[in-house]
Amino acid sequence: MEQTSRFIASRPTTTLLHGLFLISGATTLVYEISWTRQAGLLFGHTVLAGSVVLASLFFGLATGYGVGSRLCQFGRPLRWFGGCEILAASWALLVPSLFDALQSPVVIRWMSDESQAWQWFSRAGIGIAIFLPATIALGATLPLMSQALSLGSGNPSRGAAIGYAWNTAGAMAGTLICTYLLLVRVGVSHSSFWAAGVGMGIGVLAIGLSRRDAMRAPNPIGGSVNVSGSASPIAMMTIAGLSGFITLALEILYTRLFSLVFHNSTYTFGNVVAVFLLSLALGSAIVAWLVKRTRAELILFWCGVSGAITCCITLALFVNVTRLGYFTVGDSFVEHLLRGFALVLGFIIVPVTVCGMIFPATWQVLSDRNATGRVIGTLAMVNAIGAALGSLSASFIMLPTIGLWGGFLTASVLLMAVPILVWPRQRRYPSVAAVTFGVLCIAVTAVAMPSWSTLGRDANEVFLTRRESAYGWIDVTRSKESDAWYIRQNLHYRLGGTGADAMRERRQARLPMLLHAYPQEVLFLGMGTGVTAAGAVHHQETERIEIVELIADVTAAARELGRRNDHVLDNDRVHVTTDDARHFLLGTDQRFDVIVSDLFVPWESETGYLYTREHYVAAAERLNDDGLFCQWLPVYQMGQREFTMIADTFATVFPETSLWWGKIDPSKPIIGLVGAMQPIELDESKLKARLSQLKEIVGGNDPQLAEAQDLRLAAIGDWRVQNADLLNLDEHPRVEFWTPQSLMTGKLLRGAWFAKFYDEVLTKLPASDISSDSESFLGDAAEVQETRQTLGFLLFGQ
Numbered sequence: 009m010e011q012t013s014r015f016i017a018s019r020p021t022t023t024l025l026h027g028l029f030l031i032s033g034a035t036t037l038v039y040e041i042s043w044t045r046q047a048g049l050l051f052g053h054t055v056l057a058g059s060v061v062l063a064s065l066f067f068g069l070a071t072g073y074g075v076g077s078r079l080c081q082f083g084r085p086l087r088w089f090g091g092c093e094i095l096a097a098s099w100a101l102l103v104p105s106l107f108d109a110l111q112s113p114v115v116i117r118w119m120s121d122e123s124q125a126w127q128w129f130s131r132a133g134i135g136i137a138i139f140l141p142a143t144i145a146l147g148a149t150l151p152l153m154s155q156a157l158s159l160g161s162g163n164p165s166r167g168a169a170i171g172y173a174w175n176t177a178g179a180m181a182g183t184l185i186c187t188y189l190l191l192v193r194v195g196v197s198h199s200s201f202w203a204a205g206v207g208m209g210i211g212v213l214a215i216g217l218s219r220r221d222a223m224r225a226p227n228p229i230g231g232s233v234n235v236s237g238s239a240s241p242i243a244m245m246t247i248a249g250l251s252g253f254i255t256l257a258l259e260i261l262y263t264r265l266f267s268l269v270f271h272n273s274t275y276t277f278g279n280v281v282a283v284f285l286l287s288l289a290l291g292s293a294i295v296a297w298l299v300k301r302t303r304a305e306l307i308l309f310w311c312g313v314s315g316a317i318t319c320c321i322t323l324a325l326f327v328n329v330t331r332l333g334y335f336t337v338g339d340s341f342v343e344h345l346l347r348g349f350a351l352v353l354g355f356i357i358v359p360v361t362v363c364g365m366i367f368p369a370t371w372q373v374l375s376d377r378n379a380t381g382r383v384i385g386t387l388a389m390v391n392a393i394g395a396a397l398g399s400l401s402a403s404f405i406m407l408p409t410i411g412l413w414g415g416f417l418t419a420s421v422l423l424m425a426v427p428i429l430v431w432p433r434q435r436r437y438p439s440v441a442a443v444t445f446g447v448l449c450i451a452v453t454a455v456a457m458p459s460w461s462t463l464g465r466d467a468n469e470v471f472l473t474r475r476e477s478a479y480g481w482i483d484v485t486r487s488k489e490s491d492a493w494y495i496r497q498n499l500h501y502r503l504g505g506t507g508a509d510a511m512r513e514r515r516q517a518r519l520p521m522l523l524h525a526y527p528q529e530v531l532f533l534g535m536g537t538g539v540t541a542a543g544a545v546h547h548q549e550t551e552r553i554e555i556v557e558l559i560a561d562v563t564a565a566a567r568e569l570g571r572r573n574d575h576v577l578d579n580d581r582v583h584v585t586t587d588d589a590r591h592f593l594l595g596t597d598q599r600f601d602v603i604v605s606d607l608f609v610p611w612e613s614e615t616g617y618l619y620t621r622e623h624y625v626a627a628a629e630r631l632n633d634d635g636l637f638c639q640w641l642p643v644y645q646m647g648q649r650e651f652t653m654i655a656d657t658f659a660t661v662f663p664e665t666s667l668w669w670g671k672i673d674p675s676k677p678i679i680g681l682v683g684a685m686q687p688i689e690l691d692e693s694k695l696k697a698r699l700s701q702l703k704e705i706v707g708g709n710d711p712q713l714a715e716a717q718d719l720r721l722a723a724i725g726d727w728r729v730q731n732a733d734l735l736n737l738d739e740h741p742r743v744e745f746w747t748p749q750s751l752m753t754g755k756l757l758r759g760a761w762f763a764k765f766y767d768e769v770l771t772k773l774p775a776s777d778i779s780s781d782s783e784s785f786l787g788d789a790a791e792v793q794e795t796r797q798t799l800g801f802l803l804f805g806q
């Protein structure tokens, strides 16, 4: 008793430790989010790259857990905790510089071998090298703080569970703060700098507390592990690994599930992660409360069974309540986010809280006051390894092979392995009944799942085929009223279509190619249906057409359209690369006469990087001297401030920036930004000859772009930078964060908002300075004004 009393800390000290652990969790998630975005710029914003970053982070954390468990043996865990926080913060200050140094064509080409295995291992090697010092230090903080809290608690493993709950709650807070505040206001890399400053403060304070309280482990070698109950250490490590595997797999699966009903913005993904972390914090807190009332083995048994049951039941409820319809609830941006958060909370919190109880419950089984840190460090290491494997398995095995529903079934089946590993010695009726009911729930869910795949489809379209991957569902559909075929991603995002849309999609290639005197080599960023690239095939002077598409399944779906996209993928001049567009531009040494960037949804998570100044610089460097870059903008999917910011950003790179109509429509206008490093010159006689040649080709004629006069009608004007201090940058990806606000506040440029923008902005632009035979191609001021009056009538009937 006398020895034990030496280690019981005062309540203020325990509260301080909980506060330190809370803030530590917040800074860790800010680091992770910031680093993931910075790594995406080097590795590419692909699922492969994302998995590499996550695996690298978990590898470092797992190593850190092992290191921390060893450091616990040397006493004064708070001192070591503070040192690790300072080390992590110090290294975090270097990470942005390391990424900047590696963003060179040489490194990117080295990583971009056609072998998927080489791509994975080369990226993993770089990721581990960059993250390892910081992640080892961050991982070590868990066992060290757990040891410190155990020395100040009558029940060591219970004190550690409470501390873990605070740490996870801090991680949730860090996710929300970083998503809603730091990334857009402070900046991507600067967010990690702010977190590093806070981490330094935590470290100094922890070292100060260590000196004041002089908490020392009584046995510098560490005590032996006492196993409470019948479960073995091997069983507990197996369960800890399963817990990590299931938890991260469920995070991937739930993120894909909610992408079927949400617009896939950073905010909605942030909500899913935040609710996940909140649930894990609740799970740990509940374990700390239950451990005083029941044996840890029983907690594990019932968590495994109830986790499988609640996963099945809440999944069925989600499908039947939402019917996989698009979530548009809320009269304002804030209300929409809150209601979306409530939706995620309602369907995630129960199953994930139950799953979150499993890992801290294993601590209670292998409890030892003198070796709490070592026990938790060992279990956390196994848990982190399982988490990395769960993330990779969900993305690259479950989703592509057994699909979203099969992934949830797999997670439920794995949860049922937990009660088997800790089955009570006396197999009483309640235990057998519970396991039987769990198996029954899984079986019923498996039977119901095929019918779920038919939900959320457009009633006006016929479903043809579906592909499942880590990017979600890629569907090929056909209109019931016409012969138009479409490609959809996750039910609600149409990636283009044939039929009436085909002419407009071909125009997205034709217009910039007609503005170039002789486009021999053309690059398309984005595949869609392939119809846009097919517009380039009609130009006989074009020798090479490169297409970069992020999702391989989109390319496969485009092949199904066959004659509807002129079999563009079978053309000898066409080559398709599966890669992130930005990553391709940075890594290739090819040059092009025309680069055409597709209509990327501006509010989707991380597509904002395709509208940044750095992206436009990368594109400009891949152009020939007289080359053109055309960025098509879905004007109806952005507000006036986002359009202005994108155009300003574009114009800071291309001294000759002009605006052109892709679709003259007040409800869904499409405008192209055409950039060049030198003034555009047109030979009108050659232009007429090219237009005549196109008319003779099957599918080559475009009634809205058949004569030179039509090209004059498509011209809007030149853009001059309005606010050079407010651009869309890698460090400040404002478009990605601002367009969801315009979406939910009803300020998108369509209808009345577009009419106002057209009248106040577009009609005031100076006429584009395009020369033709020593004269202005667009005519004098009176002709330009007449053209704009004609457009006003076409758009608004006035």
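The sequence shown stops at residue 806 when you use the working numbering, and every number in between is there. Ideal Cβ placement from N, Cα and C applies to all residues, glycine included. Being a predicted model, the structure only gives us computed values, none of them experimental.
Contact between residue 684 and residue 658 does not hold, since the beta-carbon distance rounds to 11 Å and is not under 8 Å. Its chain contains 261, 319, 323 as the residues whose beta carbon lies nearer than 7 Å to that of residue 416, once the 5 sequence neighbours on both sides are disregarded; these appear in chain order. If you keep only unbroken beta strand (DSSP E) runs of at least 3 residues inside the segment 436-498, you get 469-477, 480-487, 493-497. In the DSSP assignment, residue 124 falls outside any beta strand (DSSP E) and within the unbroken alpha helix (DSSP H) covering 124-159. Runs of beta strand (DSSP E) with 3 or more residues, each lying fully within the segment 500-528, are found at 501-505, listed in chain order.
Straight through space, the alpha carbons of residue 141 and residue 73 are spaced by roughly 13 Å.
Of the residues 770, 311, 397, 305, the one whose Cα lies closest to the Cα of residue 359 is 311. Looking only at 48, 218, 32, the smallest Cα-Cα distance to residue 95 is reached by 32. Residues 522, 716 of the same chain have their beta carbon placed closer than 7 Å to that of residue 695, with the five preceding and five following residues left out of the count.
Cα atoms of residue 341 and residue 278: separation of roughly 15 Å, rounded to the nearest angstrom. Judged by pairs of C-beta atoms under 8 Å, the segment 246-255 touches the segment 388-407, as three or more such pairs exist. Residue 723 carries a strand assignment under DSSP once its states are collapsed to helix, strand and coil. Looking at the DSSP output, residue 586 sits in a beta bridge with 557. Taking residue 321 as the centre and dropping the five residues before and after it, the same chain places no C-beta closer than 6 Å to its C-beta. Taken through DSSP and simplified to helix, strand or coil, residue 678 comes out as strand. In the displayed model, residue 398 falls within a helix according to three-state DSSP.
Remark: C-beta atoms of residue 153 and residue 85 approach each other more closely than 9 Å. Per DSSP, reduced to three states, the secondary structure at residue 548 is coil, with no helix or strand assignment. Annotated as distal: residue 609 and residue 762, with beta-carbon spacing of 9 Å or more. Taken in chain order, the complete alpha helix (DSSP H) segments of 4 or more residues contained in the segment 561-624 are 589-595.
In the pairwise beta carbon analysis, the segment 531-540 is classified as touching the segment 555-564: at least three pairs are separated by under 8 Å.
In the structure shown, residue 104 adopts helical secondary structure according to DSSP, grouped into three states. The three-state reading of DSSP puts residue 684 in strand, counting E and B together. Annotation: the continuous beta strand (DSSP E) that includes residue 642 extends over 631-642. As the crow flies, the alpha-carbon of residue 745 is around 23 Å from that of residue 108. DSSP places residue 669 inside the beta strand (DSSP E), whose first and last residues are 664-671.
In this structure, the alpha-carbon of residue 625 lies about 15 Å from that of residue 739. Assigned with DSSP and collapsed to three states, residue 530 falls in strand. C-alpha of residue 617 to C-alpha of residue 441: approximately 53 Å in a straight line. In this structure residue 200 is not in contact with residue 613, their Cβ atoms being roughly 19 Å apart against a cut-off of 8 Å.
If the five residues before and after residue 742 are omitted, its C-beta is found closer than 7 Å to the C-beta atoms of 192, 653, 736, all from its own chain and listed in chain order.
With a cut-off of 8 Å on Cβ pairs, the segment 107-124 is not in contact with the segment 332-347, counting fewer than three such pairs. CA-to-CA, the gap between residue 245 and residue 366 works out to about 11 Å.
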